[in-house]
Amino acid sequence: NFFAGLYFKIDLLILQYFKGLGVVGIYSAGFKFFEALIFLGASYTIAATPIYKQHLLDDRLAVRKKIIRDSILLFSLGLFIAVVSWFVAPFILPLALGIEFIAGVDVFRVVIFALPFLLVSAVCMNVLYLLKKVHWVVMIFVLQIVINVIGNLLFVPLFSYQASAIITVLCEVLNTALTVPLVFKAYEDFG
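Following this note's numbering, the numbering of the sequence shown begins with 572 at its first residue and continues without gaps.
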């Protein structure tokens, strides 16, 4: 949560510096609707942690199967939510955003596609924590923040909040691409 909050605040600071408070409001309006869906990852972690912990003690093969099954299930759920949101957001979000922040719908329609990757990362990071690889998780988040800052500094001046939204999705894709192999490496090394 700390890193996710930091990530968002960095986006806002860079947007404010290059584009002003109006753009920050637009980006915030769209991003906050996405952020509300992040509870799915937190809920999963709370529910799955005791199961993983027990499986690690009793049945290591069950852990591997659960990682794969949960990743596929949560990715599918996240993708379903993203696709439905893509089509529904233009009709529902304007009612909540008001006319001055209507462009926040475009932000939401982009960042919502980070959700499937964020949910898979939640599975993997949960297992990494249980396998006592917290330092790997921290390194991944630090790398993600560095890439986010560099990407925003390069592209926000040219493409405004659209760049921040796309960079958010790409950072989550990178996060997933890093955590999936690491969780299986940690799992194989766990003894």
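Beta carbons: idealized from backbone N, C-alpha and C, even for Gly.
Apart from the five residues just before and just after residue i, which ones in its own chain have a Cβ nearer than 7 Å to its Cβ?
{"i": "P728", "result": "F589"}
{"i": "A653", "result": "I683, F684, L686, P687"}
{"i": "Q587", "result": "V595"}
{"i": "L611", "result": "L690"}
Would you decide whether residue i is buried or exposed? Buried here means 16 or more other CB atoms lie within 10 Å of its CB.
{"i": "F651", "result": "exposed"}
{"i": "F602", "result": "buried"}
{"i": "Y582", "result": "Sequence inspection shows Asp at residue 582; the Tyr mentioned does not correspond to that position. When all chains shown are included, D582 counts as buried."}
{"i": "S599", "result": "buried"}
Please name the residue, chosen from the options, that lies closest to residue i on a Cα-to-Cα basis.
{"i": "V659", "options": "C695, V676, V717", "result": "V676"}
{"i": "K637", "options": "G649, K624, L648", "result": "K624"}
{"i": "L584", "options": "E759, N746, N719", "result": "N719"}
{"i": "W707", "options": "L741, A734, S731, K756", "result": "K756"}
{"i": "G593", "options": "I738, Y732, V754", "result": "Y732"}
{"i": "L745", "options": "V713, L725, F730", "result": "V713"}
{"i": "E743", "options": "Q715, D629, F672", "result": "Q715"}
Output needed for residue i: all residues of its chain with C-beta closer than 6 Å, excluding positions within five of it in sequence on either side, in chain order.
{"i": "A736", "result": "V678, V681, V682"}
{"i": "W657", "result": "R680"}
{"i": "G649", "result": "L686, P687, L690"}
{"i": "P665", "result": "I673"}
Only counting the same chain, and skipping five residues up and downstream in sequence, which positions put a Cβ closer than 8 Å to that of residue i?
{"i": "L627", "result": "V634, L701, L702, F761"}
Are at least three pairs of beta-carbons, each pair with one atom in the segment 613-622 and one in the segment 692-703, less than 8 Å apart?
Taking a contact to require three or more Cβ pairs closer than 8 Å, the segment 613-622 and the segment 692-703 qualify as touching.
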